[in-house]
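Novice: Please read through the structure below; I'll follow up with questions.
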Amino acid sequence: MNQRIPPSGLEIIPETAPFSHEQRSWLNGFFAGLVSLDNAVTPLSPEQGAAVMKGAEDTDDGEAPWHDQTLPIAERMKLAEGRPLRRRMMAAMAQQDCGQCGYNCHDYSEAIASKTETRLNLCVPGGKDTARMLKVLHEELESTSASLSPTVKEVTVDPAAKVIGESGRTRDNPVEATFLSRRLLNKPGSEKETWYIEFDLSGPGLDYVVGDSFGVFAANDLGLVDQIIALLGASHEAKVNGKKLRDVLHEDVSLSPAPDALFELISFITGGAAREKARALASGDDPDGDAAHLDVMATLQKFTGVRLHPEAFIEALEPLQPRLYSISSSHNATPGRLSLTVDTVRYTIGKRKRIGVASTFLAERINPGDRLKVYVQKAHGFGLPQDPKTPVIMVGPGTGVAPFRAFLHDRRATGAPGRNWLFFGHQRSECDFFYADEFNAMKASGHLTRLSLAWSRDREEKFYVQDRMREVGRELWSWLAEGAHVYVCGDAKRMAKDVERALVDIAAQFGARSTDEAVAFVADLKKKGRYQQDVY
Ligand SMILES: Cc1cc2nc3c(=O)[nH]c(=O)nc-3n(C[C@H](O)[C@H](O)[C@H](O)COP(=O)(O)OP(=O)(O)OC[C@H]3O[C@@H](n4cnc5c(N)ncnc54)[C@H](O)[C@@H]3O)c2cc1C
Ligand SMILES: NC(=O)c1ccc[n+]([C@@H]2O[C@H](COP(=O)([O-])OP(=O)(O)OC[C@H]3O[C@@H](n4cnc5c(N)ncnc54)[C@H](OP(=O)(O)O)[C@@H]3O)[C@@H](O)[C@H]2O)c1
Numbered sequence: 012m013n014q015r016i017p018p019s020g021l022e023i024i025p026e027t028a029p030f031s032h033e034q035r036s037w038l039n040g041f042f043a044g045l046v047s048l049d050n051a052v053t054p055l056s057p058e059q060g061a062a063v064m065k066g067a068e069d070t071d072d073g074e075a076p077w078h079d080q081t082l083p084i085a086e087r088m089k090l091a092e093g094r095p096l097r098r099r100m101m102a103a104m105a106q107q108d109c110g111q112c113g114y115n116c117h118d119y120s121e122a123i124a125s126k127t128e129t130r131l132n133l134c135v136p137g138g139k140d141t142a143r144m145l146k147v148l149h150e151e152l153e154s155t156s157a158s159l160s161p162t163v164k165e166v167t168v169d170p171a172a173k174v175i176g177e178s179g180r181t182r183d184n185p186v187e188a189t190f191l192s193r194r195l196l197n198k199p200g201s202e203k204e205t206w207y208i209e210f211d212l213s214g215p216g217l218d219y220v221v222g223d224s225f226g227v228f229a230a231n232d233l234g235l236v237d238q239i240i241a242l243l244g245a246s247h248e249a250k251v252n253g254k255k256l257r258d259v260l261h262e263d264v265s266l267s268p269a270p271d272a273l274f275e276l277i278s279f280i281t282g283g284a285a286r287e288k289a290r291a292l293a294s295g296d297d298p299d300g301d302a303a304h305l306d307v308m309a310t311l312q313k314f315t316g317v318r319l320h321p322e323a324f325i326e327a328l329e330p331l332q333p334r335l336y337s338i339s340s341s342h343n344a345t346p347g348r349l350s351l352t353v354d355t356v357r358y359t360i361g362k363r364k365r366i367g368v369a370s371t372f373l374a375e376r377i378n379p380g381d382r383l384k385v386y387v388q389k390a391h392g393f394g395l396p397q398d399p400k401t402p403v404i405m406v407g408p409g410t411g412v413a414p415f416r417a418f419l420h421d422r423r424a425t426g427a428p429g430r431n432w433l434f435f436g437h438q439r440s441e442c443d444f445f446y447a448d449e450f451n452a453m454k455a456s457g458h459l460t461r462l463s464l465a466w467s468r469d470r471e472e473k474f475y476v477q478d479r480m481r482e483v484g485r486e487l488w489s490w491l492a493e494g495a496h497v498y499v500c501g502d503a504k505r506m507a508k509d510v511e512r513a514l515v516d517i518a519a520q521f522g523a524r525s526t527d528e529a530v531a532f533v534a535d536l537k538k539k540g541r542y543q544q545d546v547y
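Plus 11 on top of the position in the sequence shown (first one is 1) and you've got the numbering used here.
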């Protein structure tokens, strides 16, 4: 709709009229247009509008020094100070480019800033801190666009017109796949519970490329759902928007962590100290030092006695998000099949055992033959080299090995002649050597040129993949000198950074470079797509 706002000073709707500021300014514009068409502003084309919108805030140099997943949000926001709003929005995100939101960090911030994306709660690794910061920045965006020329507003896109993408290729357009089987990858004695999970994709006819991830829509644990219904004092049969409350809690909403809106709701309907606490929690404070562990159930237990209406309660919760897993198989090797390597999340807070939603869903709540909603998330710059002759060095401790199993299967299926070197590490050689038979057979056949292992708990002192890399630094350097591509997958917070540091040290020591030159060398590898990461 062309929105006309009168030249400043022309007020047709009085300030005392029962409208919000936005409504009043819209109505003022609408009537001004009717009263005097001479006053109407000639609308800009969408391209002109976009240029004005960009120009209004574009003093940016394009660099993103905050794009480092190990920096805390406060530091990232500091680095982004004075930058345009869309860049500060990017800094608010967790910088993992993990794709869970359906974008990378840069594109998600662009989508919010251009208003093609209205959801501010999609950054899973950023959690509540990111969602809160995005809310603040979004309010700034709203007030900035309210004060911009009316014609500029025309460039904003109706979110309803958002392209939802090809079937099975985005989180907004999933398809149904069939769960086939699971097999425990750890042997007795392990402290871990990691599953090899297999799906049949032949129904939806979905394919994928190695390096892609798989999005899974899981359901909450019904035991937890029933405890929450009991705490609400509601009936299982209660309906919310025409659907049973139990089904909504099972399938549609996240039960952890408790969103600010739930604390706000509680603060509205309670009084005294409880109200103050709920208010404080809603604004990000931590009055009792337990905020980090307040999931939905713990919140209901904390504010016991507060009677929440089921509809208002559901309204206050966040939608249940899909989870991403690195694909462990190759479509070229096993068409129609897809596998994952999933570590089960279980931990205890106080006396209560807590579980990760999707990992335990895959580990114990879905049965062979069951169907579930899924999609393939295309990798953002994580995949085998174009030239099949290029050597690859793969560093994947723990579940980080997932995409490298896929790489190896793919290169074998396509007859790629390039050399393959895998660094795998985990806690104990006896019980945590995933895919040992496969990798040993690939080594024996020569397909896996080198297999370097690092066990962190076999001995007293820790020994990690990067320690192994340093040990064989000279050979690693010679692979790099011959054009090898390096891949890292797994833990984003510590491992990825430590592995990168090891590579810098290797470049310095064996490439006869100063530390600065070695850092620049690794940065250049990244720029050229020769150092790729899939970290989470
Ligand atoms: C691109 C990508 C690829 C991935 N690939 C894989 C993969 O190949 N394999 C794999 O296993 N995972 C992978 N993940 C992680 C995966 O997406 C999920 O995050 C993971 O399975 C946990 O999801 P969940 O639903 O089970 O747990 P959630 O319900 O999301 O719970 C996890 C949350 O529980 C809390 N938590 C966990 N442990 C503790 C603790 N000890 N103390 C306190 N709080 C705790 C944390 O807040 C954590 O964020 C990948 C993620 C991305 C983004
Ligand atoms: N978002 C989630 O809820 C979620 C769920 C699953 C996994 N993850 C992330 O994914 C990672 C992978 O989990 P995982 O179960 O596959 O294995 P993991 O816990 O990362 O452990 C794999 C191996 O890496 C070692 N390791 C620990 N710190 C390291 C470091 N700084 N550098 C190199 N190696 C290091 C571990 O040793 P030690 O343990 O003996 O020190 C272990 O031997 C987790 O660390 C976690 O960050 C997140």
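By construction, the Cβ of each residue, glycine as well, lies at the ideal position given by its N, Cα and C atoms.
Could you tell me the distance, in whole angstroms, from the CA atom of R194 to the CA atom of W206?
Specialist: Cα-Cα distance, rounded: 6 Å.
Novice: Output the distance between the C-alpha atoms of K288 and A245, rounded to the nearest integer angstrom.
Specialist: Taking the straight line joining both Cα atoms gives about 24 Å.
Novice: Does any heavy atom of ligand 1 sit closer than 7 Å to the C-beta of V530?
Specialist: No, the beta carbon of V530 sits no closer than 7 Å to any heavy atom of ligand 1.
Novice: Which ranges would you report for the alpha helix (DSSP H) in the stretch 367-394 if only whole runs of at least 4 residues count?
Specialist: 368-371, all fully within the stretch 367-394.
Novice: Check whether the Cβ of H437 sits closer than 7 Å to any heavy atom of ligand 2, and report yes or no.
Specialist: Yes, the beta carbon of H437 sits closer than 7 Å to at least one heavy atom of ligand 2.
Novice: Going by the beta-carbon positions, is the gap between W466 and R439 smaller than 8 Å?
Specialist: Taking 8 Å as the Cβ cut-off, W466 and R439 qualify as a contacting pair.
Novice: Ends of the alpha helix (DSSP H) at S489?
Specialist: Segment G484 to A492, the alpha helix (DSSP H) holding S489.
Novice: Find the nearest neighbour of E262 within the set F445, I239 and N231, judged by alpha-carbon distance.
Specialist: Minimum Cα distance to E262 is reached at N231.
Novice: Find the nearest neighbour of V499 within the set R290, R98 and W432, judged by alpha-carbon distance.
Specialist: Among R290, R98 and W432, the Cα nearest to that of V499 belongs to W432.
Novice: Quick check for students: name the residue ranges of the alpha helix (DSSP H) that lie wholly in the stretch 335-370, counting only runs of 4 or more.
Specialist: Whole alpha helix (DSSP H) segments, 4+ residues: zero.
Novice: Let me check understanding here. Comparing Cα to Cα, which of G300, A272, D545 and E528 lies closest to K389?
Specialist: Residue D545 is the option with its Cα nearest to K389.
Novice: Please say whether M144 and M88 have beta carbons closer to each other than 8 Å?
Specialist: Against a cut-off of 8 Å, the Cβ pair of M144 and M88 comes out as a contact.
Novice: To the nearest angstrom, how far is the alpha carbon of M453 from that of S337?
Specialist: Using only the alpha carbons, I get a separation of about 21 Å.
Novice: Between E151 and I123, what straight-line distance do the alpha-carbon atoms span, to the nearest angstrom?
Specialist: The straight-line gap from Cα to Cα measures roughly 12 Å.
Novice: With H, G and I counted as helix, E and B as strand and the rest as coil, what does DSSP make of K203?
Specialist: K203 falls in the coil class under three-state DSSP.
Novice: From G234 to R382, what distance separates their C-alpha atoms?
Specialist: G234 and R382: Cα-Cα distance of roughly 21 Å.
Novice: Hey, is V236 close to ligand 2, as in C-beta under 7 Å from one of its heavy atoms?
Specialist: V236 Cβ: outside cutoff for every heavy atom of ligand 2.
Novice: Any heavy atom of ligand 1 within a distance shorter than 7 Å of the CB on S178?
Specialist: The answer is no for S178.
Novice: Could you round the C-beta distance between F415 and M405 to whole angstroms and report it? I think they count as a contact, below 8 Å.
Specialist: Going by Cβ atoms, the distance from F415 to M405 rounds to 4 Å, so yes, they are a contact pair.
Novice: Can you list, in chain order, the residues of its chain with a C-beta nearer than 7 Å to that of V293? Leave out the 5 residues immediately preceding and following it.
Specialist: The question names Val, yet the displayed sequence has Ala at residue 293. So the list reads D271, F274, E275 and S278, once near-sequence residues are dropped.
Novice: Rounded to the nearest angstrom, what separates W37 and T127 at their Cα positions?
Specialist: With a pLDDT of only 47 at W37, under the threshold of 50, the placement of this residue in the model should not be trusted, and no figure is reported.
Novice: As an exercise, report each continuous beta strand (DSSP E) stretch of at least 3 residues that is fully enclosed by the stretch 390-444, in chain order.
Specialist: As far as the stretch 390-444 is concerned, its whole beta strand (DSSP E) runs of at least 3 residues are 403-406 and 431-437.
Novice: In terms of residues, what are the limits of the beta strand (DSSP E) holding A188?
Specialist: Counting along the chain, the beta strand (DSSP E) containing A188 begins and ends at V186 to L195.
Novice: Less than 6 Å between C-beta atoms, sequence neighbours within five positions excluded: which residues of the same chain meet that for V307?
Specialist: L266 and A269, listed in sequence order.
Novice: Compute the minimum distance between the beta carbon of D354 and the heavy atoms of ligand 2, and state whether it is under 7 Å.
Specialist: Yes; taking the cut-off as 7 Å, the Cβ of D354 has a heavy atom of ligand 2 nearer than that.
Novice: Cβ atoms of A105 and T141: under 8 Å apart, would you say?
Specialist: A contact, by the Cβ cut-off of 8 Å.
Novice: Given a threshold of 16 other Cβ atoms within 10 Å of its Cβ, counted over all protein chains shown, does T359 qualify as buried or as exposed?
Specialist: When all chains shown are included, T359 counts as exposed.
Novice: Just mark P408 as buried or exposed, buried being the case when its beta carbon has 16 or more other beta carbons within 10 Å.
Specialist: It is buried - the Cβ of P408 has at least 16 other Cβ atoms within 10 Å.
Novice: Taking 8 Å as the threshold (C-beta atoms), are A503 and Y547 in contact?
Specialist: Contact: yes.
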